[in-house]
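Notes follow once the structure below has been shown.
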Amino acid sequence: MPQQPPKATRLTDLFSLKGKVVIITGASGPRGMGIEAARGCAEMGASVAITYSSRKEGAEKNVEELTKDYGVKAKAYKCNVGDFADVDRFVNDVLKDFGKVDAFIANAGATANAGVVDGSTQEWDKGHGSFVITASMSGHIANYPQEQTSYNVAKAGCIHLARSLANEWRDFARVNSISPGYIDTGLSDFIDPKTQELWRSMIPMGRNGLAQEIKGASASYGYLPALPPFLPPSLPTYLPQFQSIMGVTKTTHQAGSGAQPKAGDTVTIEYTGFLKDASKPDGKGAKFDSSVGRGAFVVKIGVGQVIKGWDEGVTQMKLGEKATLDISSDYGYGAKGFPGHIPPNTDLIFDVELKDVKAA
Numbered sequence: 001m002p003q004q005p006p007k008a009t010r011l012t013d014l015f016s017l018k019g020k021v022v023i024i025t026g027a028s029g030p031r032g033m034g035i036e037a038a039r040g041c042a043e044m045g046a047s048v049a050i051t052y053s054s055r056k057e058g059a060e061k062n063v064e065e066l067t068k069d070y071g072v073k074a075k076a077y078k079c080n081v082g083d084f085a086d087v088d089r090f091v092n093d094v095l096k097d098f099g100k101v102d103a104f105i106a107n108a109g110a111t112a113n114a115g116v117v118d119g120s121t122q123e124w125d126k127g128h129g130s131f132v133i134t135a136s137m138s139g140h141i142a143n144y145p146q147e148q149t150s151y152n153v154a155k156a157g158c159i160h161l162a163r164s165l166a167n168e169w170r171d172f173a174r175v176n177s178i179s180p181g182y183i184d185t186g187l188s189d190f191i192d193p194k195t196q197e198l199w200r201s202m203i204p205m206g207r208n209g210l211a212q213e214i215k216g217a218s219a220s221y222g223y224l225p226a227l228p229p230f231l232p233p234s235l236p237t238y239l240p241q242f243q244s245i246m247g248v249t250k251t252t253h254q255a256g257s258g259a260q261p262k263a264g265d266t267v268t269i270e271y272t273g274f275l276k277d278a279s280k281p282d283g284k285g286a287k288f289d290s291s292v293g294r295g296a297f298v299v300k301i302g303v304g305q306v307i308k309g310w311d312e313g314v315t316q317m318k319l320g321e322k323a324t325l326d327i328s329s330d331y332g333y334g335a336k337g338f339p340g341h342i343p344p345n346t347d348l349i350f351d352v353e354l355k356d357v358k359a360a
């Protein structure tokens with residue numbers, strides 16, 4: 001299904017992250033690419049969730065800075081990105097705390113300390129990438145003179161994974177990678193100074209890059225959001241269950257067991273719509289529409305007959321499911337709103353029950 005072009009025309013609007021929630025892994029250091037990505041996203045208005053492995057104090061200090069300097073919501077989480085279960089737990093914690101995830105900057109990583117002959121199998125195993133959007137020039141070239149085959153292979157895998165996922169997820173998400181060169185983050189401080197000098201002699205600018213110099217590229221992930229790779233298929237058994245896809249967050253209150261509608265199917269839905277109000281505990285402000293009392297709503301889904309948030313959200317439901325769809329304004333009525341009912345740029349919440357599905 002072709003993706004719609006952005007409606008915004010001003011550069012500040014195109015790259016605004018206001019109302020977005022961005023995850024950045026590996027952002028506990030004082031001068032790394034992770035914290036600079038977090039600063040860039042916060043500067044553009046996003047709420048940010050960052051992770052740390054062992055530097056809890058550093059992560060908490062960064063959260064304090066992000067909150068104070070940019071006035072956004074920020075929180076740090078301990079997470080081992082090499083453990084699928086731990087990442088799954090972390091993402092679900094973020095969904096509970098923030099309500100949705102709009103973009104995932106997978107930045108956490110490690111360096112290689114030895115070549116293939118001298119390195120251990122454990123070091124090689126640590127060199128694989130899960131979903132590292134922050135790749136490296138090492139995925140495109142073989143660095144000289146240092147020996148870091150496992151690292152290079154991991155980064156090449158990340159780049160091709162990004163390409164492959166961009167194709168596989170083309171209907172509902174965008175996937176991008178960025179490949180920095182030598183960046184002064186402190187991770188390579190242990191390298192022999194003579195080797196580092198050789199690096200710099202082969203760099204046209206004659207120096208390493210600074211993390212803040214790629215902050216803009218990192219922040220642009222919010223405009224090009226990717227579906228977090230560690231969201232369910234199988235969520236824990238707690239209720240409610242969350243699923244966030246692009247501009248829609250679906251909260252399941254009663255699981256369905258029937259058919260899942262596809263684009264072009266005709267669905268019967270009972271619904272109530274609310275203007276989103278962040279000051280309310282459940283986020284539900286004024287009610288603006290409801291099918292209750294006048295009869296269920298019948299519509300062909302996934303073909304543009306309703307707002308994009310419905311097309312995206314309802315096609316993720318199953319027959320018999322009761323859910324809440326939290327829809328961002330750009331997936332609702334956007335800058336125009338709906339005169340007399342929905343103000344411009346207003347997020348919406350719908351309580352929805354999928355009562356029937358008829359295949360196209």
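Just so it is clear: in the sequence shown, position 311 is 311 by UniProt numbering, and no numbers are missing. Quick reminder that beta carbons are idealized off the backbone N, C-alpha and C, glycines included.
| query | From G206 to L325, what distance separates their C-alpha atoms? | reply | Distance between the alpha carbons of G206 and L325 is about 52 angstroms.
| task | Specify the secondary structure class of residue 408 as computed by DSSP and reduced to three states. | result | Within the shown structure, residues of the chain are numbered from 1 to 360, placing residue 408 beyond reach of any answer.
| message | So, with DSSP's three-state summary, where would you put H341? | response | In the three-state reduction of the DSSP assignment, H341 falls in the coil class.
| said: If I measure Cβ to Cβ from T268 and keep anything under 6 angstroms in the same chain, skipping five residues before and after, which residues do I get? | reply: Excluding positions up to five away in sequence, the list reads A296, V298, K355 and D356.
| query | Bridge partners of L325, per DSSP? | reply | DSSP lists K250 and F350 as the beta-bridge partner residues of L325.
| query | Under a three-way DSSP split, which group does I191 fall into? | reply | When secondary structure is reduced to three states using DSSP, I191 falls in the coil class, being assigned neither helix nor strand.
| query | Ends of the beta strand (DSSP E) at I105? | reply | Unbroken beta strand (DSSP E) run through I105: A103 to I105.
| task | Could you give the DSSP three-state label for E277: helix, strand or coil? | result | The sequence given here places Asp at residue 277; Glu does not occur at that position. In this structure, D277 counts as coil in the three-state DSSP scheme.
| message | Once the 5 residues before and after Y70 are set aside, which same chain residues still bring their CB inside 7 angstroms of it? | response | Residues of the same chain with a CB within less than 7 angstroms of the CB of Y70, apart from the 5 flanking positions on each side, are A42 and E43 in chain order.
| Separation of I183 from H160, as counted between CA atoms | Looking at the two C-alpha atoms, the distance is approximately 22 angstroms.
| the stretch 38–57 / the stretch 69–89 touching (three or more Cβ pairs under 8 angstroms) | Yes, the stretch 38–57 touches the stretch 69–89.
| task | Using 10 angstroms around the beta-carbon of S328, count the other beta-carbons present and answer buried if the total reaches 16, otherwise exposed. | result | With 16 or more Cβ atoms within 10 Å of its Cβ, S328 is classed as buried.
| Under 8 angstroms, do L348 and G247 count as touching if we go by C-beta distance? | No, these two residues do not count as a Cβ contact at 8 angstroms.
| request: Going by CA-CA distance only, name the one from T249, G209 and P261 that's closest to G309. | output: For G309, the nearest C-alpha among the options comes from T249.
| Of the listed residues H341, K20, E65 and K318, nearest to D289 (C-alpha basis) | Looking from the CA of D289, the closest CA among H341, K20, E65 and K318 belongs to H341.
| query | In the structure shown, what three-state DSSP assignment does L165 receive? | reply | Helix at L165.
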